[in-house]
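Numbering-wise (the numbering used here), the sequence shown opens with residue 12 and increments by one.
Glycine is no exception: its CB is placed at the ideal position from the N, C-alpha and C atoms.
Structure first, commentary second.
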Amino acid sequence: MEVAAKSGLYILDVDFWDNDAGFSTGNYTTRNGDIFILSSIKPEAAEDLNRHGVTYCLAMVTEVSMDDEYQKGFRVKVANNIGLEEDLNKLKHAIFLSNITTSMRIWKALTFDTHIDNNFTVIKSLLAPTNLGEDVCDVCIKQHGGCLASFTEQLLSIKLNRSQMDAIESVISAVQCGHVNLMKLIWGPPGTGKTKTLSALLWVLARLKCRTLTCAPTNVAVIGVCTRFLKKMKNFSEIIDENGLPFSFGDILLFGSRSNMDITEDLQEVYLDFRVDELAECFSSSSGWNYRIASMVSFFEDSVSRYDMLLEDDGKIDPVCFLDFIKKQFDATAIALKRCVMSLWVHLPGRCFSHDSVINISMLLNMLEKFSTLLCKADLTDESLKRGLGCLSTVNSVCVKSISSLEKELDGARSTCLKLLKDLLHSLNLPTGVDKNWVKNYCIRNATLLFCTTSSSYHLHDMNIAPLDVLIVDEAAQVRECELVISLRLHLLKHVVLVGDDCQLSAMVKSKVCKEAGFGTSLFGRLIALKVEKHLLNIQYRMNPCISLFPNAQFYERKILDGSSVLSPSYNKDYTCLPFGSYTFINVTDGREDKEGGNSRRNMVEVAIVLHLIHTIFKSWKKTGQGFSIGVVSPYNAQVDAIKIRLGKKYDACDGFNVRVKSIDGFQGEEDDIIILSTVRSNGRGVVGFLADNQRTNVALTRARHCLWIVGNAHTLYKSGTEWTDLVADAERRKCVFSATNDATICRLVLQVKQELDELDDLLNAYSVVFSNTRWKVILSDEFRKTFTKLKSPQLRREVLQKLIKLGRGWRTTIKNLDIPGVSHLPKVYKVRDLYLVWSTDMEKTERRYFQIIKIWDLQSQQSVARTVQRLENLFSMYTDDYLDHCRRVQTQGKLEVPKVWDVGHDIIRYNMDCKVDAHEEHDLADTSYAIENSKVSESFLLMKFYSLSSGMAKHLLTATDGSEINIPFELSDEERVVIQFPLTSFILGRSGTGKTTVLTMKLIQKEQLSLIASQGLNLDGADLSVVDENNIMPLKNEGESSVKQVFITVSPKLCSAIKDHICRLKT
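Structural data, given as structure tokens:
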């Protein structure tokens, strides 16, 4: 880094760019206006810059230097150069933050910068409420009515509907009015022909010679509208006009940053930089149009003398024949002339050519082609050619042959070409010897239709150009209001047309502060809010009615009609072979959303399913040969990147099978035959992040023509309370929800992904892909889930899960793994390596039937199995004989055991009458749809030291045979006594049911007792108060008096309440 000539400016040399630093997946290219942090370290987070000894400063790029098309370095301006010189050598790292070029242009437009034109005509008309309702005056309607009618007749021939015609007529009437400056709004929902309408409007404006600037918020958007306009031009104008010349693009001009625009071959003809290169060559003094015409004239007039000179120079060397010489000279000269003339015709505006010049150019090209054909005639000789060129000596008239018809044609073509060339040389009023900067300004000054971003329109303020009549803003709902001011202040701008849809994506604003301040508000959205009249395009021609049904009802109040083309049975006939129809929600419950690269998220299960769907479509495509275009969209860039990486270039070579993957934001304005939408989010809370944005949802749902397949977690989306809640409900109502667990291939795919990612614990629920299709319903306890999660070996995890799957399918082992004591014979133990899986058969009840299920209790070592089985036996001892009998029954199919099912003829009572549980607990025990959560208050407790008993059961156990209450002493173990007596800070570790809460409770009592002794004195005749129990609680002298304040903290409100009640009982 070196100090430049000016204060605050420094020259920064680039040694290496780390383009994979997490900011972007593409290569970074420095641009003017880029903001950097120049730092002495490479920070991982913003806090690193505040570390001691770290030097950093903010810098803005002001100039980029290039070396053989590669960036060598750039010049930067720092925010503050005080004390920086001595630290220059420390600044080794440049971290890109953002580009503020557009922000600087907005600031200049808002602060009356001298570079910005002072045109406030349109802005004043917006600020004056009386102008919002004005329309075209009667004088202009009468004056231009006939002209408008002629255009209307031509537009009807390209099949515009009534709403599209009304929008165009409204704009043209306003443009032709010279007394009122009007703002027109065209509301174009998805698929309603907004592009076609806009293209037709631009065609009419070009015919009327109205200079029109078409803007869009981004480079992608402006390229999109320009590309589609050029394609639509084929419907409005013939490719070859009446003079036989190709279509001229000279009146159409696209300009902007070459590095930021993806200029395709189709756009080169209208792109400013390419046009400047072409015309600069045509205007060159040494190789331009003047030189090419003069060279062609010289050929026709001096070709023989050139040949003679060639013969003189060659001497006795075998000379080339005259015919070959002429052919070679003509081809070289004519090809260069044609290329130059065609470049002029294609790239120059029509106003540069008079009517006579156009005719002469057309005739010249035809005559040159004819002359070339004559030169290829088989009977043409050197002598005939010389006669045809009028150059054969006629001194000896006796020897001269009569002129043939071929010679006459050659002479006629030559004479005509000479005349046309000389006429053009004098009639074409074109420059010569000008530089590229002059050519650039010339193109912009003379173009009729200009295309650029709203930000790039800033450059027009610096140019001395003719006034613009109309400003058209496409995707106007995405253009920030303050940014549009750059275009609204252009020199003598009269009328503005805003085209967009406020129900789709709005302007992107990253800063929360700016968003809250309304920085992202669009003028289109503001005018809509003010109830300004808008022209609605109300017929959609894109989506199959199955696809358009929900967004039309949800976002457009059913105002959009389906066009006759999409209603036709033939519209979707080529897609009936696909497995999921026109509209399907594919419910994936086993995905996991992971953060990747900041706040972006991905779901690898959905990635795998998306790739599977693409391959399924590919197999159908191979059978039918029908061309398919597939778009994969997702709200998160991390998901897009994950799909792109795994997709690779697999289908790039398949002609007619096109796949592209983009974010939802990047797909606005696009469409494909089949859209696969990956929603990514999968959680139990219903959190969907910025997927909750209604506008983003609308864009995602309206990109498909024939098929829309949504891949997501229905439970998460339904619970979100957003538009997705309605979408899932609508899909279920229309029977368009397909569970991924019903597809065996997808189930195997999900299991494979979970194994690769070591996320098998996600599958531990009864409705996962591994258990949803098994014969037996499998319920897993919390204890088992905890043990499974702690298994360190991925292979052991897979073996345990495989054992569970086999159990669910009906497999049973005949090998006795372990001797199990007990009388119920319900608990079973299967060995998995050195561990033992404890499970049993149980019952579940629905509205109409009882059926057997499998409950997985735990996975334990051999030492712990016996105690667990004994606890289960204690539990099963409370079951009725009838219930146990139904649990023990066995039904087989072949070698497999299948669950038995009984109709609900009578209730099968689970607990004995003297062991009734509360209604709520009975519900928990029976409702196994949420067994894992409910096991926390039922079965899981039953495996521990203390049992969760109902009030009836507790009363039964505490009542003596004579009806009196049994006095049960509170007993402490020796280990618990030691912990309670320990006087210092303690950390008590123990599993559930081992007495942790008991110890803490007694510690509270002990502390209070010791405090009482210290404050009130000892009067207990030597009683040992080092440990207290229920029988030696010391009463307070005064009720409520206490000299010590203690706090008991727990995360469970129920436990806190129970401890409070227990201490109160001990005190009383």
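Contacting residues, own chain, Cβ-Cβ under 6 Å from residue i (five flanking each side not counted)
{"i": "D585", "result": "Q637"}
{"i": "Y729", "result": "T736, V739"}
{"i": "N776", "result": "none"}
For residue i, the three-state DSSP class (helix, strand or coil)
{"i": "F862", "result": "strand"}
{"i": "D342", "result": "helix"}
{"i": "E74", "result": "strand"}
{"i": "L870", "result": "strand"}
{"i": "W632", "result": "helix"}
{"i": "Y922", "result": "strand"}
{"i": "S559", "result": "helix"}
{"i": "S750", "result": "strand"}
{"i": "I790", "result": "strand"}
{"i": "L802", "result": "coil"}
Neighbour flag for residue i against chain B, beta carbons, 8 Å
{"i": "N563", "result": "Included in the structure is just one protein chain, with no chain B present."}
Beta-carbon proximity list for residue i, same chain, < 8 Å, skipping 5 on both sides
{"i": "T824", "result": "Y841"}
{"i": "F294", "result": "W300, L441, P442, T443, G444, V445, V450"}
{"i": "R744", "result": "none"}
{"i": "S593", "result": "N555, C557, I558, N583, Y586, H717, C718, L719"}
{"i": "L760", "result": "A619, I620, H623"}
{"i": "T1008", "result": "L1066, I1070"}
Residue i to residue j span [Cα, whole Å]
{"i": "I337", "j": "H437", "result": "26 Å"}
{"i": "V722", "j": "E292", "result": "54 Å"}
{"i": "V11", "j": "S522", "result": "Examination of residue 11 is not possible in this model, given that the chain is present from 12 through 1079 alone."}
{"i": "D367", "j": "R218", "result": "20 Å"}
{"i": "V263", "j": "S750", "result": "Going by the sequence as given, residue 263 is Ile instead of Val. Roughly 52 Å between the two C-alpha positions."}
{"i": "G64", "j": "L209", "result": "59 Å"}
{"i": "L837", "j": "V843", "result": "19 Å"}
{"i": "Y567", "j": "D704", "result": "16 Å"}
{"i": "K526", "j": "Q863", "result": "57 Å"}
{"i": "A649", "j": "T752", "result": "25 Å"}
{"i": "D422", "j": "S373", "result": "20 Å"}
{"i": "V215", "j": "F162", "result": "7 Å"}
Those residues which DSSP pairs with residue i across a bridge
{"i": "M194", "result": "V507"}
{"i": "G723", "result": "N598"}
{"i": "Q904", "result": "L907"}
{"i": "C286", "result": "Here residue 286 turns out to be Arg, not Cys, going by the sequence shown. In the DSSP output, where bridge partners are listed per residue, R286 has none listed."}
{"i": "Y841", "result": "L848"}
{"i": "F604", "result": "The sequence as given places Glu at residue 604; Phe does not occur at that position. DSSP lists N614 as partners of E604."}
{"i": "N463", "result": "Correcting the residue identity first, residue 463 is Cys in this sequence and not Asn. Note: C463 sits in a beta bridge opposite C226."}
{"i": "N110", "result": "D45"}
{"i": "F639", "result": "F668"}
{"i": "H472", "result": "Paired residue(s): none; H472 is not in a bridge."}
{"i": "A105", "result": "L49"}
{"i": "Q551", "result": "D573"}
{"i": "D914", "result": "R860"}
{"i": "I263", "result": "L460"}
Continuous beta strand (DSSP E) stretch holding residue i: start and end
{"i": "C226", "result": "223 to 227"}
{"i": "M854", "result": "846 to 856"}
{"i": "N669", "result": "668 to 674"}
{"i": "G536", "result": "Counting along the chain, G536 falls outside any beta strand (DSSP E), though it belongs to the alpha helix (DSSP H) covering 534 to 540."}
{"i": "S295", "result": "Looking at the DSSP string, S295 is not in any beta strand (DSSP E), and its letter there is neither H nor E."}
{"i": "S689", "result": "683 to 689"}
Sequence-distant residues of the same chain with beta carbon closer than 7 Å to residue i, five excluded per side
{"i": "M320", "result": "none"}
{"i": "D513", "result": "A488, F535, G536, I539"}
{"i": "S259", "result": "W356, V357, G361"}
{"i": "K655", "result": "V672"}
{"i": "A120", "result": "I127, V496, I497, R500"}
{"i": "C332", "result": "D393"}
{"i": "S887", "result": "The sequence given here has Phe at residue 887, not Ser. Excluding sequence neighbours, F887 sits near S835, L837, L895."}
Span of the alpha helix (DSSP H), counted from its first residue to its last, around residue i
{"i": "E437", "result": "For clarity, residue 437 is His in the given sequence; the question names Glu instead. 416 to 438 is the span of the alpha helix (DSSP H), which, as asked, contains H437."}
{"i": "S181", "result": "173 to 187"}
{"i": "I372", "result": "366 to 386"}
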